[in-house]
Amino acid sequence: MDVTGRPGSLTVVAAIADPISRLGVEVMLTSEGGVGSVTNVPDLSGLIAAVETKAPSALVIDTRFGQLNDRRGTTVGTEGLQAVVWVRGRYPWLPVVVIARPPTEREMFETMRLGCSAYLSRSSSEQGIVNAVIDASTCRFTFSSAMISRQIVGVTVRRQTPTQSGHVSPEVRETTLTTRELDVLGLVSRGRSNKLIANELQVSDQTVKNYVTAILRKLKVTDRTQAVVQAMRLGWIAP
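First residue of the sequence shown? That's 9 in my numbering, and the numbers climb one at a time after it.
Quick look at the structure:
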């Protein structure tokens, strides 16, 4: 069942370089639940046709998506990330989940800058990839917190255009945090631990944990780093 409550109502376009992997992604997405149909595309022409006729909920593309040519024969790029740049420029409304082989810090930051919804290793769990696709369709994002520093996040978000940074759901945009929650979030963005935040605000560790939990819930994210990214995109924290 997907996030709308309808079994498998999401539609996905998968742009995966290797035919066997392409089939594997299709089986993964449809068997784990939440995705109703997957359209596999071998090249850019197929991707364009699928996006414009299927109106997909999300696009899954890997970083080895081969040499791409548009309908006029113009070479777009020879690597998946170049294809991602092209896709984000042509279809800025389309949530994009990037599958990396292998993942690198540089690529992850670039996908964040482009406004992609997720950047995952191909070795991620099947359910993790499916969850990322479902989250992408509802304006949530998935990035590896272990690979992100606050400074790099700030530079990345600051360089985004309004279109690229637009993948914040209306519900989250309307969310408000209390003054104390904003205080906590500001300290989180500076890399403070719960204990240090508690000492600075003169409250208990448990109180800080409660604030952090409330912040994550309101911003619809799963960890502190994602909360900082979301807050920067919303303009609550200066990059």
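Even glycine gets a Cβ: it sits at the ideal position worked out from N, Cα and C.
- Short of 8 angstroms from the beta carbon of Leu193, and not among the five residues preceding or following it, lie these beta carbons of its own chain, in chain order: Leu185, Ile223, Ala235, Val236, Ala239, Trp244, Ile245.
- Counting C-beta pairs closer than 8 angstroms gives fewer than three between the segment 200 to 214 and the segment 145 to 152, which falls short of the contact rule.
- The closest CA to that of Val68, considering only Lys62, Val104, Ser125, Gly54, is found on Val104.
- Per the Cβ contact rule, the segment 17 to 31 is not in contact with the segment 111 to 128 (fewer than 3 Cβ pairs under 8 angstroms).
- Contact between Leu128 and Ala144 is ruled out by a C-beta separation of about 11 angstroms, above the 8 angstroms threshold.
- In summary, Glu208 is exposed, with fewer than 16 beta-carbon neighbours lying within 10 Å of its beta-carbon over all protein chains present.
- Counting only runs of 3 or more residues that sit fully inside the segment 46 to 76, the beta strand (DSSP E) segments are 66 to 70, in chain order.
- Secondary structure note for Tyr219: its alpha helix (DSSP H) is the uninterrupted segment 213 to 227.
- Annotation for Lys217: Asn202 place their beta carbon closer than 8 angstroms to its own, counting only its chain and skipping 5 residues before and after.
- Close CB contacts of Pro111 within its chain, under the 6 angstroms cut and outside five residues either way in sequence, are with Ser129 (chain order).
- Here Thr19 carries a strand assignment [DSSP, helix/strand/coil].
- Assignment of Leu128 by DSSP, reduced to helix, strand and coil, places it in the strand class.
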